[in-house]
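Okay, structure first, notes after.
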Amino acid sequence: MRGTILRLARYGATRAIFLFLAVIVGVYVTVMIANMGGALDKMRIAQIEEEIAVSVGLNPANKHMPPDQLKALVDAMVQNQIHVLGLDQPFFPKRSFQYLSNAMTLQLGWAEHMVSDAGSRTVRLILLERLPYTLVLFGTANLLLFFLTLFIALFLSRRYGSFLDKATIALAPSSSAPGWFYGLFLILIFAAVLKLLPWGGLVDAPVPATTMGYGLSVAKHMLLPVIAVVTSTFFANIYAWRTFFLIYSSEDYVELAKAKGLSSQEVDMRYVLRPTLPPIITNFLLVLITMWMGQIVLETVFQWPGVGRVFYQAIQFNDTPVLIGVIVIFGYLLAVTVFALDFVYAVADPRVRIGASGRR
Amino acid sequence: MRNWSMGLRNLRRYPSLVAGIVVIAIFVGVSIYAVIAIPYSQATALWIGGPSVTATNPKNAAPAWFNLFTSDKLPSTIIVDSVAGAGTKTEQTLDNGMKQVDITLPFKYTFNRFPTDLRLYTQLTSAGSSVNMTASWLTPDGRTVVLQESRPVKASDTYYIAQDLDLRVRLSGAAPQVALLANPQNHGKALEGNYQLILTVEVPQTATLDSRLVVYGQVYGMAGTDYRGRDLMVPLLWGAPIALMFGLLAAVGTGVLTFILAAIGAWLGGKVDTVFQWITQVNLIIPLLPVLILVGHFYSRSIWTMLGLVIALSIFGSTMLTNRAMFLQAKEAPYIEAAQAYGAGNFRIIFRYLIPRIAPTLLPQFVLIVPTFVFLEATLAVLGLGDPVLPTWGKVLNDAYAQGALYKGLYYWFLEPAILLMVLGVGFSLIGYSLDRVFNPRLRTV
């Protein structure tokens with residue numbers, strides 16, 4: 013027993029170190045891409061020059077200053093600002109590694125243009141403010157998706173070949189479209205034509221005074237995006253899991269369990285569900301990963317104030333610290349997902365022995 | 435090999451497979467037609483738009499077949515051009531050495547709804563200085579409305595009748611394009627019949643005058659137009675080859691490369707496998723869509739850049755893991771051991787024994803990822819990162835979304851590209867899911 017724990021711990025530690033290295037490389041690549049070979053710096057310096065020139069020109073105190081003196085003042089202020097932002101340092105290697113080390117320690121720094129709803133300019137607060145909305149929306153959608161499809165698939169695998177089974181399988185191709193695509197259709201039907209549900213956003217305006225009213229209003233606004241997310245993978249998930257269940261329910265030990273006279277529920281739980289759990293959980297976590305990425309458009313379409321929308325806004329403001337902040341958080345979340353995957357496998361499938369030297 | 439031919443012989447038994455193939459065949463046919471009927475340069479020119487191509491197109495016009503479903507008939511655009519020989523032109527020499535030109539531009543209006551715009555384009559050659567034009571409007575019931583008494587006309591002149599504020603005041607505040615065609619007995623409807631626009635100009639003897647009246651309708655062509663008056667038929671047709679190309683190239687690029695690399699990694703093992711695993715782990719951390727958005731926004735929106743990037747970032751994706759697992763299983767098969775025993779090289783084992791064995795099982799996956807990439811192109815376009823010159827379905831969706839087509843009730847604008855995307859996606863999915871059943875016999879027997 014102690015040996016197992018030790019092995020698990022060693023395995024966990026090596027995996028964690030490896031994944032951390034992977035995150036470092038991934039984030040560094042993104043930092044390099046976000047810099048675009050210096051194009052972004054030029055854009056930012058031009059922006060600084062313009063802002064300072066305008067603010068100096070508008071200042072009544074400078075009204076009677078001769079032009080060359082005014083220009084010198086602007087230049088000095090621009091240089092100062094460039095120095096403050098560190099733009100006079102070469103991007104590679106110094107500044108890029110600075111970005112990297114700050115990002116890895118989650119010191120996400122200050123946004124250059126964006127401001128959180130509460131008025132803060134720290135990237136961390138901007139993102140933390142939006143994270144709960146993303147988690148509420150996609151958490152609800154994913155949990156719903158996971159349990160609904162799992163049990164429907166199990167149900168259908170027992171009624172293989174029935175009309176219901178065939179109908180569900182026939183609908184599997186509907187999952188070729190992404191969530192935002194269904195979102196637009198849902199907006200068309202329920203907001204534009206039927207006028208039953210809101211077009212998008214988080215709550216009604218004016219904001220309901222009571223907590224109860226607020227919750228109901230948010231739920232009403234969440235309905236369409238959740239349906240959109242669920243629809244976009246619903247039938248494909250059922251199809252994939254039904255396939256697993258069908259394959260596993262023809263194993264000899266299942267036949268034996270049935271022959272022993274166990275109830276169909278016991279057979280399902282102990283002999284079908286248990287060995288199929290690893291692929292199901294892998295699938296679920298992979299779906300989670302793609303969800304993290306797919307939400308940018310969905311949140312934009314539904315005007316949902318989540319992290320994905322912040323990312324899109326940050327691009328339009330050329331706000332590098334926010335962009336890197338979002339990707340760092342994505343990176344960490346993905347790493348945690350992959351890490352969890354390894355352990356879930358071990359716990360769920362008795363045939364996998366973690367860290368054992370069985371691998372060649 | 436037997437596996438393949440047996441699978442193909444069974445295709446007939448799968449109607450959804452046949453349906454999928456028919457759908458894709460139709461899209462391939464449309465693509466070929468689009469590329470031949472509207473050459474690339476013409477398609478991009480039509481899509482970029484501008485007055486030279488969209489001057490006579492109505493804006494936000496519904497498809498012409500809308501009239502089949504409405505009781506009130508929506509007008510299509512009417513063009514009366516004296517250059518094309520429409521109308522009558524009379525010239526009459528005056529005492530002062532000038533001549534008087536009268537142009538009558540008649541048109542028959544057979545719709546109950548009103549036009550969206552009225553414009554009069556005039557071309558005047560070798561007149562020297564500007565001349566004065568009188569324009570009047572004659573309705574079917576014999577009323578005459580003077581549009582402008584003496585409008586100065588130079589070489590080329592566009593009279594925006596619908597925006598004439600002076601005329602609007604004289605028509606007691608009603609929009610000219612409505613008031614000029616309104617039925618005096620029933621103001622909500624247009625009066626059907628023969629209208630005439632009469633122009634009278636006094637010009638020097640050598641001058642020639644031509645005029646063109648455009649009555650902008652509410653319907654246009656088979657697909658309608660967008661907010662800039664561009665014919666939506668162009669992007670709907672041209673979207674097919676672009677979507678097919680992007681989807682197929684990306685799917686084949688990533689699918690085949692991943693597949694081969696997974697086989698090589700799994701067979702060789704050791705360092706190669708470790709390196710591949712490392713790259714995959716790092717790649718899993720890099721989020722695809724955000725990186726695409728970054729590159730699209732700061733660097734290039736060309737569809738080729740995007741395609742290359744998608745392939746580069748997807749090769750070592752999560753499919754690498756599943757493919758590798760399958761190859762690890764397959765390489766334990768006794769016949770591989772036999773091949774090794776008779777001295778087959780790595781290359782031979784990978785490409786002759788491992789890959790053909792797994793290929794049928796993974797074929798459905800290749801087909802099933804095509805729609806993912808088709809929709810990825812649309813996703814980028816909806817974020818405003820579509821190729822700047824290419825007319826694609828995604829860009830129509832983006833325009834429709836950005837211009838509030840759903841709010842304004844211009845549903846056709848959103849539905850046309852959306853339905854095409856959906857049908858293409860479902861076509862590939864139908865094939866993919868059927869192939870899954872054909873090539874994975876374990877599913878069939880249970």
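Just so you know, the protein sequences line up as chains F and D, in that order. So the number in our numbering is just where the residue sits in the first sequence, counting from 1, plus 12. So the number in our numbering is just where the residue sits in the second sequence, counting from 1, plus 434. Backbone N, C-alpha and C define an ideal beta-carbon position, used for all residues, glycine too.
**Message:** Measuring only the C-alpha atoms, how far is L869 of chain D from R447 of chain D?
**Reply:** Here the question's residue 869 of chain D lines up with position 435 in the second sequence. Here the question's residue 447 of chain D lines up with position 13 in the second sequence. Going by the C-alpha atoms only, they are around 11 Å apart.
**Request:** Starting from G343 of chain F, find everything on chain D with Cβ-Cβ shorter than 8 Å and list it in chain order.
**Result:** The residue given as residue 343 of chain F occupies position 331 in the first sequence. Those are I719, I720 and P721, listed as they occur along chain D.
**Request:** Show which residues of chain D have a CB atom less than 7 Å away from the CB atom of G38 of chain F.
**Result:** On the first sequence, residue 38 of chain F is found 26 positions in, with the first residue counted as 1. Within chain D, the C-beta atoms nearer than 7 Å to that of G38 of chain F come from V716, I719 and I720, in chain order.
**Message:** Please tell me whether I394 of chain F has its Cβ less than 7 Å away from any Cβ of chain D.
**Reply:** Because residue 394 of chain F is not part of the residues shown, which for chain F are 13 to 372, the question remains open.
**Request:** Pull up the DSSP beta-bridge partners for E278 of chain F, would you.
**Result:** Position 266 of the first sequence, counted from the start, is the residue given in the question as residue 278 of chain F. Paired residue(s): none; E278 of chain F is not in a bridge.
**Asked** Is it buried or exposed for N780 of chain D, if we count other Cβ within 10 angstroms and need 16 for buried?
**Response** The count along the second sequence starts at 1 and reaches residue 780 of chain D at position 346. That one is exposed.
**Request:** Note the first and the last residue of the continuous beta strand (DSSP E) segment covering E636 of chain D.
**Result:** Walking along the second sequence from the start, residue 636 of chain D turns up at place 202. Segment G627 to P638, the beta strand (DSSP E) holding E636 of chain D.
**Prompt:** Since V319 of chain F and V135 of chain F are thought to touch, with beta carbons under 8 Å apart, how far apart are those beta carbons, to the nearest angstrom?
**Reply:** Translated into the one-based positions of the first sequence, residue 319 of chain F becomes position 307. Translated into the one-based positions of the first sequence, residue 135 of chain F becomes position 123. Not quite, the Cβ-Cβ distance comes to about 12 Å (not below 8 Å), so this is no contact.
**Prompt:** Going straight from the alpha carbon of F732 of chain D to that of A453 of chain D, what length do you get?
**Reply:** Here residue 732 of chain D corresponds to residue number 298 of the second sequence, with the count starting at 1. Here residue 453 of chain D corresponds to residue number 19 of the second sequence, with the count starting at 1. About 42 Å.
**Asked** Does the beta carbon of I698 of chain D sit closer than 7 Å to a beta carbon anywhere in chain F?
**Response** If you number the second sequence from 1, residue 698 of chain D lands on position 264. Judged by the 7 Å Cβ criterion, I698 of chain D is not in contact with chain F.
**Asked** Is the shortest distance between the beta-carbon of R871 of chain D and the beta-carbons of chain F less than 7 Å?
**Response** What you label residue 871 of chain D is simply residue 437 of the second sequence in a count that begins at 1. Residue-level contact by beta carbon fails for R871 of chain D and chain F, as no gap is shorter than 7 Å.
**Prompt:** Anyone know if the C-beta pair for S564 of chain D and P549 of chain D falls short of 7 Å?
**Reply:** As a working mapping, residue 564 of chain D is identified with position 130 in the second sequence. As a working mapping, residue 549 of chain D is identified with position 115 in the second sequence. No, the Cβ-Cβ distance between S564 of chain D and P549 of chain D is not below 7 Å.
**Asked** P105 of chain F to G151 of chain F, Cα distance in whole Å?
**Response** Sequence index remark: in the first sequence, residue 105 of chain F carries index 93 (1-based). Sequence index remark: in the first sequence, residue 151 of chain F carries index 139 (1-based). So the two alpha carbons sit approximately 39 Å from each other.
**Request:** Identify whether K829 of chain D lies in helix, strand or coil by the three-state DSSP scheme.
**Result:** Locating residue 829 of chain D in the second sequence gives position 395, counting from the first residue. Taken through DSSP and simplified to helix, strand or coil, K829 of chain D comes out as helix.
**Nonlocal neighbours in the same chain, by C-beta distance under 6 Å from F247 of chain F, ignoring five residues either side** = Numbered from its first residue, the first sequence carries residue 247 of chain F at position 235. Hits under 6 Å: L183, A184, S186 and S187.
**Request:** Check the Cβ of L728 of chain D against every Cβ in chain F and list those closer than 9 Å, keeping chain order.
**Result:** As a first step, residue 728 of chain D is located in the second sequence; it is residue number 294 there, counting from the start. Correct list: T42, I45, A46, M48, I327, L335 and I339.
**Message:** Comparing C-alpha positions only, which one of D:L666, D:E626, D:G751 and D:P638 sits nearest to A685 of chain D?
**Reply:** Taking the second sequence and counting its residues from 1, one reaches residue 685 of chain D at position 251. Of D:L666, D:E626, D:G751 and D:P638, the residue nearest in Cα terms is D:G751.
**Request:** Would you decide whether P408 of chain D is buried or exposed? Buried here means 16 or more other CB atoms lie within 10 Å of its CB.
**Result:** The structure shown does not extend to residue 408 of chain D, since chain D is modelled only from 435 through 880, so no value can be given for it.
**Residue range of the unbroken beta strand (DSSP E) whose run includes I512 of chain D** = As a working note, residue 512 of chain D is residue 78 in the second sequence. First-last of the beta strand (DSSP E) with I512 of chain D: I512 to D515.
**Message:** Using the three-state DSSP reduction, which class does S570 of chain D fall into: helix, strand or coil?
**Reply:** On the second sequence, position 136 is the one that residue 570 of chain D refers to. Here DSSP, grouped into helix, strand and coil, assigns S570 of chain D to strand.
**Prompt:** For S748 of chain D, which residues in chain F fall below 8 Å Cβ to Cβ?
**Reply:** Here residue 748 of chain D refers to the residue found at position 314 of the second sequence. By Cβ distance, chain F contributes nothing, its closest Cβ being about 12 Å from S748 of chain D, past 8 Å.
**Asked** Who are the neighbours of F30 of chain F on chain D, taking C-beta pairs under 9 Å?
**Response** By one-based count along the first sequence, residue 30 of chain F stands at place 18. Within 9 Å Cβ-Cβ: W712 and Q715.
**Message:** Within 8 Å, do at least three Cβ pairs link the segment 473-483 of chain D to the segment 641-649 of chain D?
**Reply:** With the cut-off at 8 Å, the segment 641-649 of chain D and the segment 473-483 of chain D do not touch.
**Request:** Under 7 Å between beta-carbons, which chain F residues line up against H731 of chain D? List them in chain order, please.
**Result:** As a working mapping, residue 731 of chain D is identified with position 297 in the second sequence. The answer, in chain order, is I327.
**Asked** Under the rule that 16 or more other beta-carbon atoms within 10 Å means buried, what is Y594 of chain D, buried or exposed?
**Response** As a working mapping, residue 594 of chain D is identified with position 160 in the second sequence. A residue is called buried when at least 16 other Cβ atoms come within 10 angstroms of its Cβ; Y594 of chain D does not meet this threshold and is exposed.
**Prompt:** Are the C-beta of P724 of chain D and some C-beta of chain F separated by less than 7 Å?
**Reply:** If you number the second sequence from 1, residue 724 of chain D lands on position 290. Output row for P724 of chain D: interface = yes.
**Item:** Selection from F:Q315, F:Y344 and F:A352 that minimises the alpha carbon distance to R142 of chain F
**Value:** Sequence index remark: in the first sequence, residue 142 of chain F carries index 130 (1-based). Nearest C-alpha to R142 of chain F: F:Q315.
**Item:** Secondary structure, beta strand (DSSP E): runs of 3+ residues fully inside the segment 483-544 of chain D
**Value:** Correct list: 512-515, 522-527 and 532-543.
**Message:** Quick check: is the beta carbon of Y846 of chain D nearer than 7 Å to any beta carbon in chain F?
**Reply:** Locating residue 846 of chain D in the second sequence gives position 412, where the first residue counts as 1. Interface criterion not met: the Cβ of Y846 of chain D is under 7 Å from no Cβ in chain F.
**Prompt:** Can you tell which of F:V284, F:V348 and F:V35 has the C-alpha that lies nearest to the C-alpha of F163 of chain F?
**Reply:** Working through the first sequence from its first residue, we reach residue 163 of chain F at position 151. Closest by alpha carbon: F:V284.
**Asked** Cβ of L702 of chain D less than 7 Å from any chain F Cβ?
**Response** Counting from 1 along the second sequence, the entry for residue 702 of chain D is found at position 268. Closer than 7 Å to the CB of L702 of chain D there is not a single CB belonging to chain F.
**Request:** Go through its chain and collect everything with a Cβ distance to T490 of chain D's Cβ below 7 Å, but skip five positions before and after it.
**Result:** Counting from 1 along the second sequence, the entry for residue 490 of chain D is found at position 56. Listed in chain order, the non-local C-beta contacts of T490 of chain D below 7 Å within the same chain comprise T511, I513 and V648, local neighbours out to five positions each way being set aside.
**Prompt:** Should T223 of chain F go down as buried or exposed, given a rule of 16 or more other Cβ atoms within 10 Å for buried?
**Reply:** Against the first sequence, residue 223 of chain F aligns to sequence position 211. Here T223 of chain F is exposed, its C-beta having fewer than 16 other C-beta atoms within 10 Å.
**Asked** Excluding the five sequence neighbours on either side, which residues of its own chain have a C-beta within less than 7 Å of the C-beta of P158 of chain F, listed in chain order?
**Response** Here residue 158 of chain F is taken as the residue at index 146 of the first sequence, counted from 1. The amino acid at residue 158 of chain F is misidentified as Pro; the sequence shows Phe. Closer than 7 Å at the Cβ level, and outside the excluded window around F158 of chain F, lie F296.
**Asked** For the alpha helix (DSSP H) that Y867 of chain D lies in, which residues bound it at each end?
**Response** Position 433 of the second sequence, counted from the start, is the residue given in the question as residue 867 of chain D. Where Y867 of chain D is concerned, the enclosing alpha helix (DSSP H) starts and stops at Y845 to F873.
**Cutoff 6 Å; reference M754 of chain D; Cβ partners in own chain excluding five residues on either side** = Indexing the second sequence from 1 puts residue 754 of chain D at position 320. T692, A696 and T714.
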